[in-house]
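In my numbering, the protein residues as written are 12 to 185.
Backbone N, C-alpha and C fix where the C-beta goes; we use that ideal spot for every residue, glycine too.
Have a look at the structure below, then the notes.
Structure representation (structure tokens):
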């Protein structure tokens with residue numbers, strides 16, 4: 012983000028806010044979709060996140076850390092949405108749904124793997140996203156979700172194993 016856009020957004024300039032939204036919305040929506048399965052929930056969280064970003068921007072003292080600061084807001088809003096939907100639960104015994112149809116040949120490998128996250132149980136998917144995609148350490152994940160550090164580690168291992176199985180199955184079905 013350019014410094015000028017940052018300053019204009021802090022001064023509540025609607026055109027600058029629109030530019031900032033256009034620059035970050037796609038990336039942040041992808042983050043929301045990693046946590047939330049349906050588009051409506053992801054869009055709601057995205058809108059809530061930008062509202063918070065725009066209303067709290069004056070609290071950000073160093074514009075150089077905007078990306079990390081804004082992404083943390085998006086992730087926290089996703090977690091808050093998950094908590095509101097139902098109490099956060101983790102169950103290794105939860106089964107994932109049937110394997111999806113293979114991606115078209117022109118689809119990127121990363122997109123295909125990311126789409127497989129939707130076939131993990133919600134709690135497992137959330138912890139895997141926090142650890143593998145966002146880079147949070149297990150200790151912080153445990154604090155954020157009110158679980159033990161060991162549970163966080165076991166859920167990441169479970170997710171990795173299930174994702175490997177899904178990739179193998181998808182390769183066989185291709």
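If you ignore the 5 residues before and after residue 46, its C-beta comes within less than 7 Å of the C-beta of 89, 93, 137 and 140, all in its own chain and listed in chain order.
Our two residues, residue 143 and residue 69, have alpha carbons roughly 30 Å apart in a direct line. With contacts defined by Cβ atoms closer than 7 Å, residue 128 and residue 177 do not form a contacting pair. Ranked by how close their Cα comes to the Cα of residue 125, the residues 91, 71 and 43 have 43 in first place. By alpha-carbon distance to residue 41, the top candidate from 21, 86 and 16 is 86. Assignment of residue 55 by DSSP, reduced to helix, strand and coil, places it in the helix class. The beta carbon of residue 64 lies closer than 7 Å to those of 81 and 84 in the same chain, with the five residues before and after it left out. Boundaries of the alpha helix (DSSP H) harbouring residue 91: 77-96, taken from the DSSP string. A Cβ-Cβ distance of about 6 Å is found for the pair residue 14 and residue 74, placing them in contact under the 8 Å criterion. Counting along the chain, no alpha helix (DSSP H) covers residue 157, and no H or E run does either. Residue 12 is a Cβ neighbour of residue 77, given a cutoff of 7 Å. The beta carbon of residue 36 sits closer than 8 Å to the beta carbons of 57 and 61 from its chain, once the five residues preceding and following it are set aside; these are given in chain order. Pairing residue 31 with residue 18 gives a Cβ-Cβ distance that is not under 7 Å.
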